[in-house]
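*Asks:* Each residue of the sequence shown is one higher than the one before, starting from 158 at the first, in the numbering used here. Below is a structure I'd like to ask you about.
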Amino acid sequence: MALAHGVVTAELERPLLANDRQASNPREGLTSAQAAALLQEFGRNEIVEEKESMLYMFTKQFLGTMPAMIELSAILAAALGDWLDFFIIGALLLTNATLGFIEELNAQSSVDALKDGLIRKLPVKRDGKSVMIEITEVVPGDVVFVRGGNVVPADGRWLHGDELSVDQAALTGESLPVAVPREDGDEVGSGEKLWSGSIIKTGEAEMLVTETGLNTMMGEAAKSIQESSGHQVGLLESKIQASGKVLILITLVAVSALLYYQVVVRGQELGEILEMSLCLVIASVPVALPMVLKVTLSVGAKELAGEGAIVTHLTALEEVASMRVLCSDKTGTLTTAQMTVYHSMAKCWNGFTAEQVLTYAAVASNAANKDDAIDRAVYQAFAEMSVGPGGDVDVAADALGKKFRTEKYFGFNPTVKRTVADVLDLNTGKKLRVAKGHRRDGLETRSCDISLIPRHLAIGIFGKQGYKTIAVAVGVNGGPMKYAGTLPIMDPPRSDTASTIANIRGSGVAVKMITGDHLNIAKEMARQIELGTNIMPNTELWPVSAQRDELIHWADGFAQVMPKDKHEVVAVLQQAGLVVGMTGDGVNDAPALAKAQVGVAVAGATDAAQTAADIILTREGLGPIYTAILTSRRIFKRLKAYVVYRICCTVQVVCFLCFLSFVFNEAFSALYIILLALFHDLTIVTIAYDKQTPSAQPETPTVRGLVVQSYAMGLFLAAGSCILFVYGHAFMSESFVESFKYKEALMFLQITNSSAFLIFSARTPGFFFASTPDNKLAGSAIASQIVVNGLVLFSGGWLVNELRPQDVLITWLYNLVLLLLLDVVKMGVLEAEALLEGGASRPSGRNAFAGLASCCGLLGGSKRTATSAGRGTRASVSRFQSGSSRLSQANVSGLHKMNSLKNIDALGSPKSQKGALLPGPAIVAARVSGFGNVDEKFDRFLLQRHQ
């Protein structure tokens, strides 16, 4: 929004910025008429969003392909008078709609959290007078008075007054308050910028409002959240729904053919065939699918809650299993969010030691001011030095008080940028004046010899290493101040950060640091946690270009970022087909949290971040995220087992019934079809509790993979049922031949029995007996067979035809043999699928990139991960070191042959216009994809960039 108007007055003596709107008179402010016109033009200073009515939000949960098929099933059940099925289907439909409705409400609450702080009043100049006005009435061009304790009401620039100390932690992630005004950064006028939502810690000043409402940084965050949030279908769920649609479509085609053949060709009564056909449609619709999804995800969410992660959007648990990149905030996530003084690294002068410098820094600090990050850090370091690791600050303060008696203390003043203490050394009787400043500049006085210390020695050496600094000077008995030394200070990494990142990377997920802190600080932190030091400034993110997109994939992270930068990084990674996770704690993180498939609000996050996130951590650090990765991959296997089972059962039933109709002109009882559907759905619900081992690499579900395996197994079971129907007379009793009803009941037993066995085969890629199921899953399968076998053995003909015990036993033995053969078929299909996905016939696929990475020396021993029997093996790229890793010149020839770029350096990497080394496709693939299993869409993305 361009707000350039007028010329700055001589009193202000400062040029007007391009995005500023100047009040008609900075000392008089806007007139009421001007303010009214601007309010009409720009609207109120509030976050306005279009809200859907709750009735509409709830009603639209019943729209869509899957809900429509479930609704059709309910109508058909009612039409057939099958009220039990009708009420079960209706209950499932209402439950699914309620869960989706809750997801929609969560999306709205994220915007509401950003609006909470905008109902208050501040002094604003209007018509030459300072009047209290609600900040919702503030307009661009207003001059607003702010002071310590106020929340900045809108984006603007500092006009005049004190130097302000502004806490921007919730907006930019800065560990310490920043001074406003200060020296401009990369953007002209950035040193005077005040952001809406930041907190004034100290000082009083007037500010000129430049943006309000949705045009502020906080408003843009709310808008991004609103656009990105809402009820979203997870990646796995979308593939499952697509597989279900394929199943329903094939069933409808089969039923149509059945109706035509029986009614038109054979001339059967429509009523007789219609009942069986409608029941077949009901049986083909996986009415329990949404319920099984929610139950399985809820069980996983309960597991994570015990590990310090609260899941607010269940679909995130599906996405975590496929997550390939985790973008992590620095402050409070990778670090402790508490500044630490490293006195052992102090640079000392004038005969002072590091211990003395820290002691004098403590003398010039206030032990009672625990809210001040610097004073707290100094005293904590002094306590550890004097008392020992974990030393108590109060005990250390008492010990210091026995050595020095404070006679006068001057607190921190933003103008002089230092604290000063006049103390008496009780050991020597000398009077000391001790000064402590955030920067070297804060100690430059006429009475201090600091100017004799070269600036690059006092401050620059630590600044380049990513440390902030505390300068200390001491004067004795009224003499000149002597520069004692400089203490480095930093927000240190958590003790488990490096190991957790190694674990996450070991699970095939790349980790990037996205922080608002300074570039040098970010690089030093990345070095300490072994993340990789290829951290880029946010200026590299603009303008948009193909080279920029590749840089985002290659970089270990970005520093000095703003909310739009984080949002852009996530969006670019998603465009390459990657599932992206994002962590954060502030308002600045909220848009990216909402945009990412997996938004994670870390412990202590703001309300806006928590409501925009999918997972909220209650424990500090990244540990719960690694737990979520493992849990999600177990959930993925459970849900995949359900889909394979449910589709397989339907294929078996549909194919068998079509076989009966077209070959033998027989029709199956509608009652048996309904009972089969009920047992199929109710038995498998306990799959949510099944024991599964998480995979070593991210899971990437595909419709083809789900459908091929399911249909192959279903067709095999259907063939088994058909063989028993045709040749059962050879080993069954005479009743099997004499009575079709008896034969029909026995086939019902065979299908239900084989379906129960199918559960144990579908849940593992190997032989069913190689993996132990959970007791709940095994119990439900056993319970269903007790009911079915009880009916066919002891019902006396009620509901189903009674069968002879020897025929029941033979059916069990037949199905056991069928189960063993089914496992062989399953493993053959999985092996064939693995060959198709990773075979040499796909030069642009996974193996191509693995081979290309191998040429560059990126495969550490070409570690291979063997899955269960028949699944096949895939090369997984070992952990890739940072972009500064040294690549062997001897292994580059293969890369040269694969690249057609004009500007290729000796290592096969294109260079930017600035001469900076950019990665070749192999390096990007190895780094970003989680070090192996690069998915096909990402492969294509990279190849397009290099053609």
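The beta carbon of each residue, even a glycine, is placed where N, CA and C say it ideally should be.
Apply the 10 Å Cβ neighbour rule to Arg277 and answer buried if 16 or more other Cβ atoms are within range, or exposed otherwise.
*Replies:* exposed
*Asks:* Apart from the five residues on each side of it in sequence, which residues of its chain come closer than 7 Å, Cβ to Cβ, to Lys680?
*Replies:* Correct list, in chain order: Gly623, Thr690 and Ile692.
*Asks:* What is the DSSP secondary structure of Lys752, reduced to helix, strand or coil?
*Replies:* helix
*Asks:* From Gly346 to Thr488, what distance separates their C-alpha atoms?
*Replies:* As the crow flies, the alpha-carbon of Gly346 is around 26 Å from that of Thr488.
*Asks:* Please specify which runs of the beta strand (DSSP E), each continuous and at least 3 residues long, are wholly inside the region 487 to 571, giving them in chain order.
*Replies:* 561 to 570
*Asks:* State the CB to CB distance for the pair Ser911 and Gly877, rounded to an integer number of angstroms; the pair is presumed to be in contact (CB under 8 Å).
*Replies:* 7 Å
*Asks:* Does the region 510 to 519 come close enough to the region 655 to 663 that 3 or more CB-CB pairs lie under 8 Å?
*Replies:* Contact fails: fewer than three Cβ-Cβ distances are below 8 Å.
*Asks:* Should Thr788 go down as buried or exposed, given a rule of 16 or more other Cβ atoms within 10 Å for buried?
*Replies:* Counting Cβ neighbours within 10 Å, Thr788 comes out buried, since at least 16 surround it.
*Asks:* Would you tell me roughly how many angstroms separate the C-alpha atoms of Cys577 and Met638, rounded to the nearest one?
*Replies:* Here residue 577 turns out to be Val, not Cys, going by the sequence shown. Answer to the nearest angstrom: the Cα atoms are 12 Å apart.
*Asks:* Tell me which same chain residues have a C-beta within less than 6 Å of the C-beta of Ala336, skipping the five on either side of it?
*Replies:* Glu320
*Asks:* What's the C-alpha gap between Met158 and Asp341?
*Replies:* Low per-residue confidence applies at Met158: pLDDT is 33, beneath 50, and the placement is therefore not dependable, though the value from the model is reported in the following sentence. Each residue's alpha carbon lies about 21 Å from the other.
*Asks:* If you count every other CB in all the chains shown that lies within 10 Å of the CB of Pro700, and 16 or more means buried, which is it?
*Replies:* Classification of Pro700: exposed, given that the 10 Å Cβ count is below 16.
*Asks:* Work out the CA separation of Lys723 and Ala716 for me, nearest whole Å.
*Replies:* Approximately 10 Å between the Cα atoms of the pair.
*Asks:* Can you tell me the Cα-Cα spacing of Ser267 and Val477, whole angstroms?
*Replies:* Confidence at Ser267 is low in this model, with a pLDDT of 46, below 50, so the placement of that residue should be treated as unreliable; the coordinate-derived value is given next. Near 21 Å, if we compare the C-alpha coordinates of Val477 and Ser267.
*Asks:* What do you get for Thr585, buried or exposed, if any count of 16 or more other CB atoms within 10 angstroms of its CB means buried?
*Replies:* exposed
*Asks:* Which of the three DSSP states is assigned to Gly247 in this structure?
*Replies:* Of the three classes helix, strand and coil, the one that applies to Gly247 here is helix, per DSSP.
*Asks:* Specify whether the region 896 to 910 and the region 918 to 928 touch according to this definition: at least 3 beta carbon pairs, one from each stretch, less than 8 Å apart.
*Replies:* no
*Asks:* Which class does Glu908 belong to by DSSP, given the choice of helix, strand or coil?
*Replies:* Per the sequence shown, residue 908 should be read as Ile rather than Glu. Correct three-state label for Ile908: helix.
*Asks:* Taking C-alpha atoms, which residue in Ile232, Leu581, Asp931 and Thr672 lies nearest to Asp648?
*Replies:* Thr672
*Asks:* Spatial neighbours of Leu196 within its chain, please: C-beta separation below 6 Å, excluding the five flanking residues on both sides.
*Replies:* Val296, listed in sequence order.
*Asks:* Taking 9 Å as the threshold (C-beta atoms), are Ile227 and Ile246 in contact?
*Replies:* In this structure, Ile246 sits near Ile227, with a CB-CB distance shorter than 9 Å.
*Asks:* Is the separation between the beta-carbon of Ser400 and that of Val864 shorter than 9 Å?
*Replies:* yes
*Asks:* Ends of the alpha helix (DSSP H) at Arg790?
*Replies:* Start and end: Gly780 to Phe821.
*Asks:* Among the residues of its own chain, which have a CB less than 8 Å from the CB of Gly348, if the five just before and after it don't count?
*Replies:* Closer than 8 Å at Cβ, skipping near neighbours: Val337, Pro338, Arg339, Glu340, Asp341 and Gly342.
*Asks:* Which residue wins for smallest C-alpha separation from Leu975, given the options Ile880, Thr763 and Ala592?
*Replies:* Ile880
*Asks:* With distance defined between alpha-carbon atoms, name the residue in Asp549, Lys669, Leu187 and Phe244 nearest to Ile290.
*Replies:* Leu187
*Asks:* Between Gly734 and Ala770, what straight-line distance do the alpha-carbon atoms span, to the nearest angstrom?
*Replies:* 21 Å
*Asks:* Per DSSP, what are the beta-bridge partners of Glu291 in this structure?
*Replies:* Lys278
*Asks:* Whole angstroms are fine: how far does the CA of Val737 sit from the CA of Val727?
*Replies:* 7 Å
*Asks:* Tell me whether Phe244 is buried or exposed, calling it buried when 16 or more other Cβ atoms sit within 10 Å of its Cβ.
*Replies:* exposed
*Asks:* Could you give the distance in angstroms between the alpha-carbon of Gly568 and the alpha-carbon of Ala466?
*Replies:* 41 Å
*Asks:* Out of Thr843, Ile792 and Trp711, state which residue places its alpha-carbon closest to the alpha-carbon of Ala940.
*Replies:* Thr843
*Asks:* Whole angstroms are fine: how far does the CA of Pro447 sit from the CA of Ala225?
*Replies:* 13 Å
*Asks:* Helix or strand or just coil, what does DSSP make of Ala592?
*Replies:* strand
*Asks:* Residues in its own chain within less than 6 Å of Met201 by CB, not counting five upstream and five downstream?
*Replies:* Here the sequence assigns Arg to residue 201, which means Met is not the residue at that position. Here the set comprises Thr293.
*Asks:* Three Cβ pairs or more, each shorter than 8 Å: is that satisfied between the region 524 to 544 and the region 559 to 566?
*Replies:* At 8 Å Cβ cutoff, the stretches do not touch.
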